[in-house]
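Chains as they are written, first to last, in my numbering: chain S, 1 to 250; chain A, 1 to 320.
Don't be surprised by glycine CBs; every beta carbon is placed ideally from N, CA and C.
What follows is one structure encoded as structure tokens, with my remarks underneath.
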Amino acid sequence: MLSIAARELRSLFLSPLAWVILAVIQAILAYVFLIQVEVFLQWQPRLAGFPGAPGLTAIVAAPVFHTAAIVFMLVTPFLTMRLLSEERRSGTLALLLSAPVSVTDIVLGKFLGVMAFLGCALGLVALLPLWLLFGGSLDLGLLAAGLLGLALLVAAFSAAGLFMSSLTAQPTIAAVSTFGLLLLLWLLDWGSTTGSQGAGELFSYLSLLTHFEALLQGIFDTRDVLYYLIFTVLFLLLGIWRLDSERLAP
Amino acid sequence: MNNETLISVTRLSRYYGKLAAVDDLSFELRRGEVLGFLGPNGAGKTTTMQMLCGTLAPSAGSIRIVGVDLLEQPREAKHQLGYLPEQPPLYRELTVDEYLHYCSRLRGLSRPSSAAAVARAKGRCGLDSSGSRLIANLSKGYQQRVGIAQAILHRPAVVVLDEPTVGLDPIQIREIRSLIRELGEDHGVILSTHILPEVQAVCDRVQIIHQGRLVLNENREQLAHRTGQRVLRLGLRRPPSQDLLAAIAGVQRVEALADERWRLTFSDDTGSAEELAARATTADWGMFELVSEQRSLEEIFVELTCGESFVEDQASSEAS
Numbered sequence: 001m002l003s004i005a006a007r008e009l010r011s012l013f014l015s016p017l018a019w020v021i022l023a024v025i026q027a028i029l030a031y032v033f034l035i036q037v038e039v040f041l042q043w044q045p046r047l048a049g050f051p052g053a054p055g056l057t058a059i060v061a062a063p064v065f066h067t068a069a070i071v072f073m074l075v076t077p078f079l080t081m082r083l084l085s086e087e088r089r090s091g092t093l094a095l096l097l098s099a100p101v102s103v104t105d106i107v108l109g110k111f112l113g114v115m116a117f118l119g120c121a122l123g124l125v126a127l128l129p130l131w132l133l134f135g136g137s138l139d140l141g142l143l144a145a146g147l148l149g150l151a152l153l154v155a156a157f158s159a160a161g162l163f164m165s166s167l168t169a170q171p172t173i174a175a176v177s178t179f180g181l182l183l184l185l186w187l188l189d190w191g192s193t194t195g196s197q198g199a200g201e202l203f204s205y206l207s208l209l210t211h212f213e214a215l216l217q218g219i220f221d222t223r224d225v226l227y228y229l230i231f232t233v234l235f236l237l238l239g240i241w242r243l244d245s246e247r248l249a250p
Numbered sequence: 001m002n003n004e005t006l007i008s009v010t011r012l013s014r015y016y017g018k019l020a021a022v023d024d025l026s027f028e029l030r031r032g033e034v035l036g037f038l039g040p041n042g043a044g045k046t047t048t049m050q051m052l053c054g055t056l057a058p059s060a061g062s063i064r065i066v067g068v069d070l071l072e073q074p075r076e077a078k079h080q081l082g083y084l085p086e087q088p089p090l091y092r093e094l095t096v097d098e099y100l101h102y103c104s105r106l107r108g109l110s111r112p113s114s115a116a117a118v119a120r121a122k123g124r125c126g127l128d129s130s131g132s133r134l135i136a137n138l139s140k141g142y143q144q145r146v147g148i149a150q151a152i153l154h155r156p157a158v159v160v161l162d163e164p165t166v167g168l169d170p171i172q173i174r175e176i177r178s179l180i181r182e183l184g185e186d187h188g189v190i191l192s193t194h195i196l197p198e199v200q201a202v203c204d205r206v207q208i209i210h211q212g213r214l215v216l217n218e219n220r221e222q223l224a225h226r227t228g229q230r231v232l233r234l235g236l237r238r239p240p241s242q243d244l245l246a247a248i249a250g251v252q253r254v255e256a257l258a259d260e261r262w263r264l265t266f267s268d269d270t271g272s273a274e275e276l277a278a279r280a281t282t283a284d285w286g287m288f289e290l291v292s293e294q295r296s297l298e299e300i301f302v303e304l305t306c307g308e309s310f311v312e313d314q315a316s317s318e319a320s
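And the structure:
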């Protein structure tokens, strides 16, 4: 399982795609970060008068993480699209299936590999607000909650992408359908404002976004964490099931 | 030890919808044997290979590899398997060394033993100097070698090669064939191909599969007996008596055909045509035709695979 993950990580870093993605993420977030630092500097004199006003972390880190979530939603499909579809297309899936590893090992190995890469990306994102430690003080708890939220979100994205990749031999199809699914789950929140009360609540609950925002505000609720964990595990199981059923007689 | 059964396949079937790609197939493979798996396109060769290697689940039947049931204990069984699919399963962005190390780790070798295994497999497949090259930059023949190296890396009891010489140049084909022969000495090898001379060159036993069923399963001697008989057809203007023809050394049977032609069946193929031609000229038999009718593996193959379908067509047309 670990060797599959290591191979996946190595292949990701050998492709220019991964580096471009890292660069794009970093460029966009650095821009947002600079704007927010500027905003904070403008507001600082006025905010100083209020007790309980939002601090440096809330003003700078939260928007950065929020933008990061959107950027990750855009780039994760590109990272996950090749995971299984490429193996299927180039015939290397036969190598994995004929090796003494289970389908679960294959899927988890792939997931861990892409998560290791996204972990690097997250680390780079976390570095941005951490720079502020040179000139000020940060609410590290709030920062950690935001980062955890982002990590959970990215794990959910990757699991969904992995499943989509298991369905097809065309990476592009996997990418587009992953992106569609993620965007839909993201926008589900909009539906909550219309329609009946019950349906609205359900939509709001299912949306990927709502659970993330609570964490961004530093509210650590087990239900939110569980939502992402269940989401991730569900899609990983679907991926395993899909790959396993491929061998079986139709 | 040398006669140990490595693979035993019992009543294996695989259906794609209603189509039976493999239908009630049973065979065995012993250590030290190279088994040639022949069949026309779409006969079920690749499907059988895939089932042997666990990438496809059979609809019915069982496969035991070195006594371990592949379906019940896939992990243990797959440790004994090396598989080269039709399309070599290569990661083009890796170097040969990286790729082979990954494969050996995937096969469950420990880090130190994996280095030794990679070095050994590279040596065997003539890849010693290509270790640091990118697989994407290798020629087709070298990629094929990397594929074979991958299959023999962990010293599996059974090596399954699906059309290993496709797309190679004649020299590479010779090299790969001698490698296969070498492998056959201490492993069991299953070789799928539709190149008939290849089978005659390297295989100890031949199985011909047609429409998912086994139509021939013979070892080298049996096959040699089938193909060894040499048949000559000759046309004579002034033929001698039949007894005189039968008295020629090595002649087993004489048949008179229409249009002044005769068919002679020889028990072996040592110098028969020579002597016949010499006699014909000295005795002035007026020979105008001398054609060799040797039965090749190709003829047996065509006879078995075409005859079968003809019979079946008849059966289906009778049924309808």
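Residue i and residue j closer than 9 Å at C-beta
{"i": "Gln172 of chain A", "j": "Gly36 of chain A", "result": "no"}
{"i": "Ser11 of chain S", "j": "Glu93 of chain A", "result": "yes"}
{"i": "Lys18 of chain A", "j": "Cys53 of chain A", "result": "no"}
{"i": "Val146 of chain A", "j": "His187 of chain A", "result": "no"}
{"i": "Leu153 of chain A", "j": "Ala117 of chain A", "result": "yes"}
{"i": "Met51 of chain A", "j": "Pro85 of chain A", "result": "no"}
{"i": "Glu8 of chain S", "j": "Leu83 of chain S", "result": "yes"}
{"i": "Tyr102 of chain A", "j": "Ile135 of chain A", "result": "no"}
{"i": "Ala116 of chain S", "j": "Phe220 of chain S", "result": "no"}
{"i": "Leu185 of chain S", "j": "His66 of chain S", "result": "no"}
{"i": "Val255 of chain S", "j": "Ile35 of chain S", "result": "Because chain S here runs from 1 to 250, residue 255 of chain S falls outside it and cannot be looked at."}
{"i": "Asp224 of chain S", "j": "Phe235 of chain S", "result": "no"}
{"i": "Leu168 of chain A", "j": "Gln144 of chain A", "result": "yes"}
Contact set for residue i: own chain, Cβ-Cβ below 6 Å, skip 5 residues either direction
{"i": "Glu28 of chain A", "result": "Thr5 and Ser8"}
{"i": "Glu255 of chain A", "result": "Arg263"}
{"i": "Gly109 of chain S", "result": "Met1, Ile4 and Ala5"}
{"i": "Ala280 of chain A", "result": "Met287"}
{"i": "Met73 of chain S", "result": "Leu182"}
Nearest neighbour of residue i, chosen from the options [CA to CA]
{"i": "Ser113 of chain A", "options": "A:Leu138, A:Arg155, A:Arg177 and A:Pro88", "result": "A:Arg155"}
{"i": "Pro58 of chain A", "options": "A:Gly82, A:Thr265, A:Val254 and A:Gly212", "result": "A:Gly212"}
{"i": "Leu138 of chain A", "options": "A:Arg181, A:Gly184, A:Pro88 and A:Ile152", "result": "A:Pro88"}
{"i": "Leu150 of chain S", "options": "S:Gly49, S:Phe78, S:Ala214 and S:Pro45", "result": "S:Ala214"}
{"i": "Gly44 of chain A", "options": "A:Leu12, A:Leu70 and A:Ile176", "result": "A:Leu12"}
{"i": "Val75 of chain S", "options": "S:Leu143, S:Gly109, S:Leu183 and S:Phe235", "result": "S:Leu183"}
{"i": "Asp23 of chain A", "options": "A:Arg31, A:Gly32 and A:Gly42", "result": "A:Gly42"}
{"i": "Ser241 of chain A", "options": "A:Leu232, A:Lys140, A:Glu260 and A:Gly250", "result": "A:Glu260"}
{"i": "Ser102 of chain S", "options": "A:Gly82, A:Pro74, A:Asp97 and A:Ser129", "result": "A:Pro74"}
{"i": "Leu124 of chain S", "options": "S:Ser245, S:Ile21 and S:Gln42", "result": "S:Ile21"}
{"i": "Pro40 of chain S", "options": "S:Gly52, S:Ala30, S:Leu56 and S:Leu29", "result": "Checking the displayed sequence, the identity of residue 40 of chain S turns out to be Phe instead of Pro. Of S:Gly52, S:Ala30, S:Leu56 and S:Leu29, the residue nearest in Cα terms is S:Leu56."}
{"i": "Arg120 of chain A", "options": "A:Ile148, A:Gln143 and A:Lys140", "result": "A:Ile148"}
{"i": "Leu29 of chain S", "options": "S:Ala69, S:Phe163, S:Pro16 and S:Trp43", "result": "S:Ala69"}
Where residue i falls: helix, strand or coil (DSSP)
{"i": "Ser110 of chain A", "result": "coil"}
{"i": "Trp262 of chain A", "result": "strand"}
{"i": "Asn137 of chain A", "result": "helix"}
{"i": "Ser102 of chain S", "result": "coil"}
{"i": "Ser15 of chain S", "result": "coil"}
{"i": "Glu93 of chain A", "result": "coil"}
{"i": "Glu4 of chain A", "result": "coil"}
{"i": "Met1 of chain S", "result": "coil"}
{"i": "Thr193 of chain A", "result": "strand"}
{"i": "Val22 of chain A", "result": "strand"}
{"i": "Gln50 of chain A", "result": "helix"}
{"i": "Glu255 of chain A", "result": "strand"}
{"i": "Leu219 of chain S", "result": "The sequence shown places Ile at residue 219 of chain S, rather than the Leu named in the question. Reduced to three states, the DSSP call for Ile219 of chain S is coil."}
{"i": "Met287 of chain A", "result": "strand"}
{"i": "Thr168 of chain S", "result": "coil"}
Classification of residue i by the beta-carbon crowding that lies within 10 angstroms, buried from 16 upward
{"i": "Glu87 of chain S", "result": "buried"}
{"i": "Cys306 of chain A", "result": "exposed"}
{"i": "Arg14 of chain A", "result": "buried"}
{"i": "Ile63 of chain A", "result": "buried"}
{"i": "Ser132 of chain A", "result": "exposed"}
{"i": "Ala48 of chain S", "result": "exposed"}
{"i": "Arg205 of chain A", "result": "buried"}
{"i": "Phe231 of chain S", "result": "buried"}
Cutoff 7 Å; reference residue i; Cβ partners in own chain excluding five residues on either side
{"i": "Glu38 of chain S", "result": "none"}
{"i": "Ala315 of chain A", "result": "Confidence at Ala315 of chain A is low in this model, with a pLDDT of 42, below 50, so the placement of that residue is unreliable and no value is reported for it."}
{"i": "Ser85 of chain S", "result": "Ser165, Thr168, Ala169, Gln170, Pro171 and Ala174"}
{"i": "Pro63 of chain S", "result": "Val32 and Gln36"}
Cβ neighbours of residue i in the same chain (closer than 8 Å, five flanking residues each side left out)
{"i": "Thr191 of chain A", "result": "One point to set straight first is that residue 191 of chain A is Leu, not Thr, in the sequence displayed. Correct list, in chain order: Val34, Leu35, Gly36, Phe37, Leu161, Pro164, Ile180, Glu198, Val199, Val202 and Cys203."}
{"i": "Leu187 of chain S", "result": "Ser207"}
{"i": "Asp105 of chain S", "result": "Met1 and Ile4"}
{"i": "Arg111 of chain A", "result": "Arg105"}
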